[in-house]
Amino acid sequence: MKNTIVNLLGADHPWVGSIHYYDTIGSTNDEAKHLAEQGAPHGTVLIAGTQTGGRGRMGRRFHSPAGTGIYLSVILRPARKAADLMHLTCGVAVAVCDAIEAATGFRPGVKWINDIVANNKKLGGILTELSLESDGRVRYAVVGIGLNCKQKANDFPAELQDIATSLEAILDTPVSVPRILAELLVSLEALSDRLSEQDALMDLYRADCITLGKEISVIRGNSQISGTAIFLENDGSLIVRTNTGEQIRVDSGEVQVRGLYGYC
Ligand code: BTN
234 MKNTIVNLLG ADHPWVGSIH YYDTIGSTND EAKHLAEQGA PHGTVLIAGT
284 QTGGRGRMGR RFHSPAGTGI YLSVILRPAR KAADLMHLTC GVAVAVCDAI
334 EAATGFRPGV KWINDIVANN KKLGGILTEL SLESDGRVRY AVVGIGLNCK
384 QKANDFPAEL QDIATSLEAI LDTPVSVPRI LAELLVSLEA LSDRLSEQDA
434 LMDLYRADCI TLGKEISVIR GNSQISGTAI FLENDGSLIV RTNTGEQIRV
484 DSGEVQVRGL YGYC
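The opening position of the sequence shown corresponds to residue 234 in the numbering used here, with each subsequent residue numbered one higher.
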């Protein structure tokens with residue numbers, strides 16, 4: 234697997250010499266954080282064949298079976314403050330869409346803030362984790378990406394069958410995992426070079442984000458607020474007009490979109 238990716242990437246790619254491949258691992262994000270703490274440089278790449286403890290946002294598990302998906306983490310060391318990196322997950326989402334489109338010709342959408350979606354189901358997700366200096370500068374960021382590539386509908390556990398899909402299920406044709414991985418490393422490296430272009434990156438994210446204009450439900454603790462997603466700020470926060478006429482800003486937590494993942 235690693236040799237195929239290296240060959241597809243070519244010797245000129247700046248990250249080609251720092252790819253780590255694991256047949257099995259707990260979580261590539263956990264191992265990336267461990268390597269980053271030991272000084273691993275910007276552009277260190279971790280790829281796994283399967284994860285036994287794959288994690289998603291909000292403490293959720295990311296189902297990571299062998300032979301069907303992409304489980305990738307990259308260590309970035311941007312010379313920026315965390316406050317100037319609020320758009321990182323959005324930029325990564327655009328990079329994931331770019332990579333899938335380059336490898337397959339198909340461009341998926343993004344459900345705010347970190348889900349990659351197609352046909353109203355989840356294709357994958359992004360888990361971004363930051364470590365900061367005391368003055369707010371970023372020591373490192375770990376960008377984790379999980380993508381369902383080869384699963385058939387009934388390969389997913391029962392609780393995910395109405396929610397999750399894969400690229401092959403959508404496209405009805407085989408996809409190449411190494412090719413998508415190589416394209417991901419191309420698009421992520423390009424993104425890491427243009428993180429200062431926040432406005433332009435957020436415009437690209439708005440174009441891919443299927444949540445905008447939709448009826449949504451914001452989950453806040455035990456309460457739920459219904460409304461319409463009307464705008465995305467450049468820091469990635471979502472502006473929602475509630476059904477009671479207020480305007481609220483959502484910058485964390487869970488949003489359900491009517492028509493997606495069986496929410497109606
Ligand atoms: C989500 O759906 O909320 C995000 C899922 C992110 C999963 C990826 S798989 C590679 C990396 N390692 C992890 O443990 N999580 C991310």
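By construction, the Cβ of each residue, glycine as well, lies at the ideal position given by its N, Cα and C atoms. Note that this is a predicted model, so its numbers are computed, not measured.
Discussion item. I need the straight-line Cα distance from Ile463 to Glu362, nearest angstrom please.
Written reply: Distance between the alpha carbons of Ile463 and Glu362 is about 27 Å.
Worksheet item: Is Leu414 closer than 9 Å to Ala351 when the C-beta atoms are compared?
Response: no
Discussion item. Between the region 311-321 and the region 443-452, can you find at least three pairs of beta-carbon atoms closer than 8 Å?
Written reply: no
Practice prompt. Using the Cα positions of Ala386 and Arg340, report the straight-line distance between them to the nearest angstrom.
Written response: 20 Å
Discussion item. If contact is defined by three or more beta carbon pairs under 8 Å, each pair taking one atom from either stretch, is the region 328-335 in contact with the region 479-492?
Written reply: no
Worksheet item: For His253 versus Glu270, is the C-beta spacing smaller than 9 Å?
Response: Contact check for His253 against Glu270 fails: the beta carbons are separated by 9 Å or more.
Worksheet item: With distances taken between CB atoms, is the gap from Val278 to Ser306 smaller than 9 Å?
Response: With contacts defined by Cβ atoms closer than 9 Å, Val278 and Ser306 form a contacting pair.
Discussion item. I need the DSSP call for Asn455, collapsed to helix, strand or coil.
Written reply: Reduced to three states, the DSSP call for Asn455 is coil.
Discussion item. Following a CB-centred definition, is Phe295 positioned closer than 8 Å to any heavy atom of the ligand BTN?
Written reply: yes
Discussion item. Three Cβ pairs or more, each shorter than 8 Å: is that satisfied between the region 412-427 and the region 387-395?
Written reply: no
Worksheet entry | 7 Å Cβ shell around Lys344 - same chain, five flanking residues per side excluded | Closer than 7 Å at the Cβ level, and outside the excluded window around Lys344, lie Val350, Ile443, Thr444, Val490 and Leu493.
Worksheet item: For Val451, which of Asp468, Val473 and Arg370 has the nearest alpha-carbon?
Response: Val473
Discussion item. Since Gly358 and Thr261 should fall inside the 8 Å C-beta cutoff, what is the C-beta to C-beta distance between them, to a whole number of angstroms?
Written reply: That pair is no contact at about 13 Å.
Fill in: Euclidean distance between Cα positions of Val375 and Leu365
Note on geometry: alpha-carbon atoms of Val375 and Leu365 lie some 12 Å from one another.
Worksheet item: Which residues in the same chain as Arg293 place their Cβ atom closer than 7 Å to its Cβ, once the five residues preceding and following it in sequence are excluded?
Response: none
Discussion item. Can you determine whether any heavy atom of the ligand BTN sits closer than 8 Å to the C-beta of Leu305, and answer yes or no?
Written reply: yes
Worksheet entry | Collapsed DSSP secondary structure at Asn240 in the structure displayed | helix
Discussion item. Within 10 Å of its beta-carbon, does Cys497 have 16 or more other beta-carbons around it, so buried, or fewer, so exposed?
Written reply: exposed
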